[in-house]
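Take a look at the structure set out below.
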Amino acid sequence: MINKNINVALIGNPNTGKTSVFNQLTGLNQQVGNYPGITVEKKIGFCKLPNNIKANILDLPGTYSLNASSIDENVVIELLLNKNDKLYPDVALVVTDVENLKRNLLLFTQIKDLEIPTILVINMADRMEHKGITLNIPYLEEHLKTKIALISSRKGFGIEELKKMIITYKTISSEPCLNASVIDPEYFDSLRKAFPNQLLYKLWLVITQDVNFLNLERKEIHSSFTKSHSDLKRLQQKETIKRYQFINDVLKEGLNVDASVAKDFRSKLDRVLTHKVWGYFIFFVILFVIFQSIFDWSKIPMDFIDSTFASLSTLANDTLPAGVLTNLISQGIIPGIGGILIFIPQIAFLFLFISILEESGYMSRVVFLMDKIMRKFGLSGKSVVPLISGTACAIPAIMATRNIENWKERIITILVTPFTTCSARLPVYAIIIALVIPDTRVLGIFNLQGLTLMLLYLLGFGMAIFSAYVLNKILKIKGKTFFVVEMPNYKLPMFKNVAINVIEKTKAFVFGAGKIILAISIVLWFLASYGPGKKFNNADEIIRTKSENTTITPQELDNKVASYKLENSYIGIMGKTIEPAISPLGYDWKIGIAIISSFAAREVFVGTLATIYSVGGSDNEDTIKNKMAAEINPETGKKIFNFASGISLLLFYAFALQCASTLAITRKETNSWKWPLGQLIFMSGFAYVVALIAYQILK
Numbered sequence: 001m002i003n004k005n006i007n008v009a010l011i012g013n014p015n016t017g018k019t020s021v022f023n024q025l026t027g028l029n030q031q032v033g034n035y036p037g038i039t040v041e042k043k044i045g046f047c048k049l050p051n052n053i054k055a056n057i058l059d060l061p062g063t064y065s066l067n068a069s070s071i072d073e074n075v076v077i078e079l080l081l082n083k084n085d086k087l088y089p090d091v092a093l094v095v096t097d098v099e100n101l102k103r104n105l106l107l108f109t110q111i112k113d114l115e116i117p118t119i120l121v122i123n124m125a126d127r128m129e130h131k132g133i134t135l136n137i138p139y140l141e142e143h144l145k146t147k148i149a150l151i152s153s154r155k156g157f158g159i160e161e162l163k164k165m166i167i168t169y170k171t172i173s174s175e176p177c178l179n180a181s182v183i184d185p186e187y188f189d190s191l192r193k194a195f196p197n198q199l200l201y202k203l204w205l206v207i208t209q210d211v212n213f214l215n216l217e218r219k220e221i222h223s224s225f226t227k228s229h230s231d232l233k234r235l236q237q238k239e240t241i242k243r244y245q246f247i248n249d250v251l252k253e254g255l256n257v258d259a260s261v262a263k264d265f266r267s268k269l270d271r272v273l274t275h276k277v278w279g280y281f282i283f284f285v286i287l288f289v290i291f292q293s294i295f296d297w298s299k300i301p302m303d304f305i306d307s308t309f310a311s312l313s314t315l316a317n318d319t320l321p322a323g324v325l326t327n328l329i330s331q332g333i334i335p336g337i338g339g340i341l342i343f344i345p346q347i348a349f350l351f352l353f354i355s356i357l358e359e360s361g362y363m364s365r366v367v368f369l370m371d372k373i374m375r376k377f378g379l380s381g382k383s384v385v386p387l388i389s390g391t392a393c394a395i396p397a398i399m400a401t402r403n404i405e406n407w408k409e410r411i412i413t414i415l416v417t418p419f420t421t422c423s424a425r426l427p428v429y430a431i432i433i434a435l436v437i438p439d440t441r442v443l444g445i446f447n448l449q450g451l452t453l454m455l456l457y458l459l460g461f462g463m464a465i466f467s468a469y470v471l472n473k474i475l476k477i478k479g480k481t482f483f484v485v486e487m488p489n490y491k492l493p494m495f496k497n498v499a500i501n502v503i504e505k506t507k508a509f510v511f512g513a514g515k516i517i518l519a520i521s522i523v524l525w526f527l528a529s530y531g532p533g534k535k536f537n538n539a540d541e542i543i544r545t546k547s548e549n550t551t552i553t554p555q556e557l558d559n560k561v562a563s564y565k566l567e568n569s570y571i572g573i574m575g576k577t578i579e580p581a582i583s584p585l586g587y588d589w590k591i592g593i594a595i596i597s598s599f600a601a602r603e604v605f606v607g608t609l610a611t612i613y614s615v616g617g618s619d620n621e622d623t624i625k626n627k628m629a630a631e632i633n634p635e636t637g638k639k640i641f642n643f644a645s646g647i648s649l650l651l652f653y654a655f656a657l658q659c660a661s662t663l664a665i666t667r668k669e670t671n672s673w674k675w676p677l678g679q680l681i682f683m684s685g686f687a688y689v690v691a692l693i694a695y696q697i698l699k
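For the sequence shown, UniProt numbering assigns the number 1 to the initial residue and increments by one for each residue that follows.
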């Protein structure tokens, strides 16, 4: 008989180091997906325990209690109440922070009362001496009726002992910490009589949280057992008070803090980093360093990847048998994929810096700082999290608005979040900046290209804030939101956590964009390699006839034939059709096709141009950047990518929506097409006007 893997659920408050514990247990042996029907991230890892026992480790979203107030917290409750779920835990690991044990134990007592074998994992034990904390572990185990693992996920100690503890989960007491009847004895007694075979605390959660477990449906609970919303809230508050009374009694003997030993470096640092002047100055210095580094550090690996794919394209063309398939591979697939992989260094560095800021605890201080600015524009700090998250991707950022209770504030945040510069814009910015902004130093120190990138990020954020201010004046919806942010302790980022985060997010970016680019590259190659009518089919003859009376090298003749065929291909005809609308912005038909195709995903822009230029040129060995730099407008004789057209293109992508997925998630979150269509029309129209003005002034 094959032993079933142990299902282990990692549960805890935010900022308890839960994900660090997950990484320690699983390493890179992880899978990331979404829960069915929703877009909350689901992380499952695999761990080998002693005695060759295997475990599935599920990293559940952070939650403060089982009284859910967000979709993330609902995910936790629904799993814990549904024994039929294939991920239902055999054992729960409730991860707590040794410095916030009292608050963290609220969640522990709730999960323990569901009669799930529960291990209390006390994390950050390496800080106990520094903070003057001592724990009476035997006493805590006895009164909390559980096993306790004292660990440090940062230092790695206690992890092996935790693994040994997991395999003995069947010996853990199922006795609850709190008798649920004390919440309302008469009410709970009637519940017990009506549903004698159901766990009382589970019944209570089903009633209060509007979730189901097993075959018990809310409609099966007779109306006499339902209560008003205000009564339920009152009883939830009473439950919380009872639990904290129990926790306080246990910690009187189980926890001791010697304030004379504790060293409080955090408050001193907070006074500087959240200062009303120096706080903002330090934040902008950090941003400046990040964008300087993204350009300076990534230049060599980007050039290497670019030249490698150019060589691969040539190798495929020279070694594979001549034919349609070889052309597809060498002129379509390889250049298209190379057009996204070239930006792996910059994407990885961006995620590296974001991960370091999050791991160190500094990002929460940024949220606190920005709250002060947000309030002046009609928003609160709750909008800061989505806006900052938007630097990675607008889709999860828009989903993060679910924690904003006020509908007006939430809809404004949803509408303006796409203005923040996401990682998909970075490839477009990077290639255009490299083409039109000189690689020089300002004051002999600062990289001008890095400064330009930083300005584009600030421009996007500034536009988001300005749009929020305008929308706040236009939308006549009343309401007020209060914002509370937890300031985690400062800590040195864990290399393992940062590395795993960078690898996972970069991989998700590459594979997500790669699938789209591969499909679009094949379609674009076909449209660029074939065309209707005599002009395309007789291109050789037409060009040779036109060139009879001129001196021209065979190489130049081949280039003219390739260019003529491209203009008369299906994609050329499409591009020429839209060219009158985009030529006032300084773009030719090729850029127009790239803009249209990039509506699937912004990063497709570069891959599209790489494919078009590969089909339309004869030199496969040239890099993407060189091909774009050499592109000439036949009407003006000037380079297509000059300063004026480059700035115009940068501004267009800074303001345009250009992302079908963002449009779809806005429709889903607002439950209406009114908002996403308005968002698309305004952002696209505004981007067009700004790009037009910029080009006409600079040309």
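C-beta: ideal position from N, C-alpha, C; glycine also. Since we're looking at a predicted model, the values are computed, not measured.
For residue i, three-class secondary structure by DSSP
i, result
"LEU80", "helix"
"PHE46", "strand"
"GLU446", "In the sequence as presented, Glu is not what sits at residue 446; that position holds Phe. PHE446 falls in the strand class under three-state DSSP."
"ILE552", "coil"
"LEU214", "Confidence at LEU214 is low in this model, with a pLDDT of 43, below 50, so the placement of that residue is unreliable and no value is reported for it."
"LYS233", "helix"
"HIS222", "Here HIS222 scores only 48 on pLDDT, less than 50, and its place in the model is too uncertain to base an answer on."
"ARG441", "strand"
"PHE195", "coil"
"GLY12", "strand"
"LEU475", "coil"
"ASN104", "helix"
"PHE377", "coil"
"ILE119", "strand"
"SER569", "coil"
"ASN633", "coil"
"ALA55", "strand"
Integer-rounded CB distance, given that residue j should sit under 8 Å from residue i
i, j, result
"THR26", "GLY45", "3 Å"
"SER423", "LEU341", "Contact doesn't hold; Cβ gap of about 14 Å is too wide."
"THR274", "ARG375", "Their Cβ separation, rounded to whole angstroms, is 15 Å, which puts THR274 and ARG375 out of contact at 8 Å."
"PHE641", "ALA629", "6 Å"
"MET165", "LYS147", "5 Å"
"ILE543", "LYS535", "Incorrect: roughly 11 Å between the Cβ atoms, too far for contact."
"LEU251", "LYS496", "Incorrect: roughly 31 Å between the Cβ atoms, too far for contact."
Whether residue i touches residue j by CB criterion (8 Å)
i, j, result
"ASP97", "ASN104", "yes"
"PHE686", "GLY450", "no"
"ILE6", "VAL91", "yes"
"LEU698", "PHE643", "yes"
"VAL8", "LEU93", "yes"
"ASP296", "ASN447", "yes"
"THR608", "LEU524", "yes"
"ILE398", "SER383", "no"
"residue 711", "PHE188", "Summary: the structure shown does not reach residue 711, with the chain confined to residues 1 through 699, and so no result is reported for it."
"ARG266", "TYR490", "yes"
"THR421", "SER521", "no"
"ILE373", "LEU475", "no"
"LEU657", "LEU680", "yes"
"LEU205", "ILE77", "yes"
"LYS155", "PRO117", "no"
"residue 701", "CYS177", "Outside the shown range of the chain (1 to 699) lies residue 701, about which nothing can therefore be said."
Closest residue to residue i among the options (Cα-Cα distance)
i, options, result
"residue 714", "ALA394, SER563, VAL416", "The first residue shown for the chain is 1 and the last is 699, placing residue 714 beyond what the model contains."
"ILE414", "LEU663, ALA694, LYS54", "LEU663"
"PHE466", "PHE377, ALA394, GLY390, LEU492", "PHE377"
"TYR570", "LEU527, TRP589, GLU541", "LEU527"
"THR19", "PRO321, GLU359, VAL182, ALA629", "GLU359"
"ILE395", "ASN537, ILE665, THR670", "ILE665"
"ARG402", "LEU162, ASN74, LEU58", "ASN74"
"ASP126", "GLN24, LEU150, ILE500, SER65", "LEU150"
"ILE432", "PRO176, ILE573, SER648", "SER648"
"HIS130", "LYS252, VAL257, LEU235, ASN23", "VAL257"
"LEU49", "ASN15, VAL121, LYS163", "LYS163"
"SER598", "HIS229, VAL428, TRP673, LEU456", "VAL428"
Item to complete: Kindly confirm or deny that the stretch 438-446 and the stretch 345-359 touch, where touching means at least three C-beta pairs closer than 8 Å.
Response: no
Worksheet entry | Contact between the stretch 306-322 and the stretch 584-603 (3+ Cβ pairs under 8 Å) | no
Item to complete: Determine contact between the stretch 430-438 and the stretch 385-394, defined as no fewer than three beta-carbon pairs at a distance below 8 Å.
Response: no
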